[in-house]
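J.: Handing you this structure, nothing more for now.
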Amino acid sequence: MDKLENLKDVWKNQAVTGLNYTKEDIHNMVKKRSTSIVKWILIISIIEFLLPYVLILFTDLETPSRIYADYGLGDLTRNYTIVHVIIILGFIYVFYKNYRNISADSSVKDLLRDILKTRKTVKYYIYYNLLMMGILGLHFFYIIMNSEMFISKLPENANITVLWVTAIMLWGLFILLVWCFYRIIYGIFLKKLQRNYGELRKRE
Amino acid sequence: MTKELESKFAEELEKNQGIIHKVCRSYTNNENAHKDLFQEITIQLWKAYPKFRGDSKFSTWMYRVAFNTAISLYRKSKRSVDTTQIYDNLKELEYQDYDDTRDKQLDLLYQAIYSLNDIEKALALMYLEDKSYREISETLGISEVNARVKMNRTKTKLKNILNP
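Just so you know, the protein sequences line up as chains A and B, in that order.
Read in order, the letters of the first sequence correspond to residues 61 to 264 in our numbering.
Read in order, the letters of the second sequence correspond to residues 9 to 172 in our numbering.
So, in structure tokens, the structure goes:
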């Protein structure tokens, strides 16, 4: 007979180990706090949503306000902010909906899918923020560099093209660094889940 | 949640705790991690218990939550030690006809299961528990055909580990 089939008998007759819990032990356990990944997903995601706004609190707001006034950027900033807030609220809603679907009594594949979907919302939120930084940055650079006030302050032999390229490269480098940092963190955090989900999705 | 519900839950869990111990022993390799995982599974079962309507057997439902916890939700215990450590808590058996061979066979089987990946561990456990392919497919969330193929692959792998 198949050795594995023989071992089934050994398996079925195994006694519970020395760790045999009583009803009281179980009552005490249910009162303890969960260390599950879902709690951490929520905490880290909230931090990721709020971080850009927390950072703003620690920046000097006076200088940007002066620049907006000097270069007529007030209206543009307000319009971008309105669109941005609507989009952010949309992300928060989708994140919350996905988060609520996470349930320990789903099938294994569905649970993995729901956790990864929830994290994907945050990933796309970060990408959206990086994209907005890029678009906003370029738009602001364009307006500032074409303004009379800026041109009048430039030295005589200044090369606008070089200024443009330098500004775009530095801004692009900053965005790239943030993106790389985030990809690494995201990868480490979800490596095991992605591997297990891939294993279940594989059609043999 | 009422005291009554908690009491009923504790009673059911105490009766069926063997299931959780089997999962813990398959997914961890030391006593501390086993205890941590057992606790996390218990918490997840308790959270999900009010939703349990008896559509499936309690044991099937427990397996599902236990696998989900071990595969997706559990964060490895900081108290984990050397990964090659064999369980050092061989129980004092109360059987009159104590059989050391069966104990060693069981240890080897658990070590073999532990060396599989997370999904294969679940498949191995469900095979040993004689779960139907329908139950396996529902628990894992894959088709029955896929469950059969994955199960055959897992059994072959397990046989190769036990008979190198």
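Even glycine gets a Cβ: it sits at the ideal position worked out from N, Cα and C.
Tell me the rounded alpha-carbon separation between S123/B and A130/B.
T.: As a working note, residue 123/B is residue 115 in the second sequence. As a working note, residue 130/B is residue 122 in the second sequence. Rounded to the nearest angstrom, the two C-alpha atoms are 12 Å apart.
J.: Between N40/B, S34/B, L53/B, which lies nearest to V90/A when the distance is taken from Cα to Cα?
T.: As a working mapping, residue 90/A is identified with position 30 in the first sequence. Per the Cα distances, L53/B.
J.: Using a cut-off of 8 Å between C-beta atoms, extract the partners of T147/B located in chain D.
T.: Structure shown: chain D not included; protein chains present are A and B.
J.: Assuming R83/B contacts I97/A (C-beta within less than 8 Å), just tell me the rounded distance between them.
T.: Residue 83/B sits at position 75 when you count from the first residue of the second sequence. Residue 97/A sits at position 37 when you count from the first residue of the first sequence. The distance from the Cβ of R83/B to that of I97/A is about 6 Å, consistent with a contact at the 8 Å cut-off.
J.: Could you name the residues of chain B that L260/A contacts, counting a contact when the two beta carbons are closer than 9 Å?
T.: Numbered from its first residue, the first sequence carries residue 260/A at position 200. Within 9 Å Cβ-Cβ: I127, L148, G149, I150, N154, K158.
J.: Looking at chain B, is there any beta carbon in it that lies within less than 8 Å of the beta carbon of K63/A?
T.: For the purposes of this step, residue 63/A is identified with residue 3 of the first sequence, where counting begins at 1. Yes, contact with chain B.
J.: Round the Cβ separation of D170/A and N158/A to the nearest angstrom and send it over; I've been treating them as touching at under 8 Å.
T.: On the first sequence, residue 170/A is found 110 positions in, with the first residue counted as 1. On the first sequence, residue 158/A is found 98 positions in, with the first residue counted as 1. The Cβ separation is near 12 Å, so there is no contact.
J.: Taking C-beta pairs closer than 9 Å, name the residues in chain B that N161/A reaches, listed in chain order.
T.: As a first step, residue 161/A must be located in the first sequence, where it is residue number 101. Correct list: empty, because the minimum Cβ distance to chain B is about 13 Å.
J.: One question on the structure: do Y242/A and I152/A come within less than 8 Å of each other, judged by their Cβ atoms?
T.: As a working note, residue 242/A is residue 182 in the first sequence. As a working note, residue 152/A is residue 92 in the first sequence. Not in contact: Y242/A and I152/A (Cβ atoms no closer than 8 Å).
J.: Using 8 Å for Cβ pairs, my map puts M209/A next to D130/A. What's the rounded Cβ distance?
T.: Locating residue 209/A in the first sequence gives position 149, counting from the first residue. Locating residue 130/A in the first sequence gives position 70, counting from the first residue. The Cβ separation is near 6 Å, so the contact holds.
J.: Have a look at T77/B and L176/A and give me their C-alpha separation to the nearest angstrom.
T.: Taking the first residue of the second sequence as 1, we reach residue 77/B at position 69. Taking the first residue of the first sequence as 1, we reach residue 176/A at position 116. If you draw a straight line from the Cα of T77/B to the Cα of L176/A, it comes to about 15 Å.
J.: For the alpha helix (DSSP H) that contains K139/B, what are its first and last residues?
T.: As a position in the second sequence, residue 139/B is number 131, starting the count at 1. Taken as a continuous stretch (DSSP letters only), K139/B belongs to no alpha helix (DSSP H), as it is neither H nor E.
J.: Quick one: grab the DSSP three-state call for L124/B.
T.: The residue given as residue 124/B occupies position 116 in the second sequence. L124/B falls in the coil class under three-state DSSP.
J.: Along chain B, which residues have their Cβ under 8 Å away from the Cβ of S96/A?
T.: In the first sequence, residue 96/A corresponds to position 36, counting from 1. By Cβ distance, chain B contributes E48, I51, Q52, T77, L81, Y82, R83.
J.: At a CB-CB cut-off below 7 Å, which residues of chain B make contact with V90/A?
T.: Start at 1 with the first residue of the first sequence, and residue 90/A comes out as number 30. Chain B residues near V90/A: E14, T50, I51, W54.
J.: For V153/B and E48/B, I'd like the C-alpha separation in whole angstroms.
T.: For the purposes of this step, residue 153/B is taken as the residue at position 145 of the second sequence. For the purposes of this step, residue 48/B is taken as the residue at position 40 of the second sequence. Each residue's alpha carbon lies about 32 Å from the other.
J.: Where does T91/B land, buried or exposed, given buried means 16+ other C-beta within 10 angstroms?
T.: As a first step, residue 91/B must be located in the second sequence, where it is residue number 83. For T91/B, the predicted model reports a pLDDT of 41, less than 50, meaning its position is unreliable; a value from the coordinates is still stated below. Looking at its Cβ environment, which holds fewer than 16 other Cβ atoms inside 10 Å, T91/B is exposed.
J.: Throw me the rounded Cβ distance for the Y140/A and L196/A pair, which I believe falls under 8 Å.
T.: Counting from 1 along the first sequence, the entry for residue 140/A is found at position 80. Counting from 1 along the first sequence, the entry for residue 196/A is found at position 136. Contact holds; Cβ gap of about 6 Å.
J.: Report yes or no: do the stretch 31–45 of chain B and the stretch 143–150 of chain A share at least 3 C-beta pairs separated by less than 8 Å?
T.: no
J.: What residue from E143/B, V157/B, S80/B has the CA that sits closest to K99/A's CA?
T.: Position 39 of the first sequence, counted from the first residue, corresponds to residue 99/A. Comparing Cα-Cα distances from K99/A to each of E143/B, V157/B, S80/B, the minimum goes to S80/B.
J.: Taking the alpha carbon of L260/A as the point to measure from, which residue in T164/B, K163/B, N171/B, K158/B has its own alpha carbon closest?
T.: If you number the first sequence from 1, residue 260/A lands on position 200. Of the listed residues, the one whose Cα sits closest to L260/A is K158/B.
J.: Compute the distance between the beta-carbons of G149/B and S167/A, then report whether it is under 8 Å.
T.: Numbered from its first residue, the second sequence carries residue 149/B at position 141. Numbered from its first residue, the first sequence carries residue 167/A at position 107. Taking 8 Å as the Cβ cut-off, G149/B and S167/A qualify as a contacting pair.
J.: Put R93/A into one of helix, strand or coil per three-state DSSP.
T.: Sequence index remark: in the first sequence, residue 93/A carries index 33 (1-based). Note: R93/A maps to coil in three-state DSSP.
J.: Report yes or no: is there a C-beta of chain A within less than 8 Å of the C-beta of K65/B?
T.: Taking the second sequence and counting its residues from 1, one reaches residue 65/B at position 57. No, K65/B does not count as interfacial toward chain A.
J.: What in chain B is Cβ-close to Q74/A, meaning under 7 Å?
T.: The residue given as residue 74/A occupies position 14 in the first sequence. Neighbours of Q74/A on chain B, chain order: L114.
J.: From the beta carbon of N158/A, is the nearest beta carbon of chain B less than 8 Å away?
T.: Position 98 of the first sequence, counted from the first residue, corresponds to residue 158/A. No, its Cβ sits nowhere closer than 8 Å to a Cβ of chain B.
J.: Report yes if the C-beta of A18/B is less than 7 Å from at least one heavy atom of the ligand NAP; otherwise report no.
T.: The ligand NAP is not among the ligands present in this structure, which contains no ligands whatsoever.
J.: Quick one: list the residues of chain B neighbouring K68/A, beta-carbon separation under 7 Å, in chain order.
T.: The count along the first sequence starts at 1 and reaches residue 68/A at position 8. Contact note: K68/A reaches chain B through L136, using a C-beta cutoff of 7 Å and chain order.
J.: How many Å lie between K139/B and I148/A at the Cα?
T.: Indexing the second sequence from 1 puts residue 139/B at position 131. Indexing the first sequence from 1 puts residue 148/A at position 88. Their backbone Cα atoms lie some 46 Å apart in a straight line.
J.: Go to E12/B, then tell me how far its alpha helix (DSSP H) extends in each direction, as first and last residue.
T.: Your numbering for residue 12/B matches position 4 in the second sequence. Per DSSP, E12/B belongs to the alpha helix (DSSP H) from 11–35.
J.: Return helix, strand or coil for V98/A, following the three-state DSSP convention.
T.: If you number the first sequence from 1, residue 98/A lands on position 38. In this structure, V98/A counts as helix in the three-state DSSP scheme.
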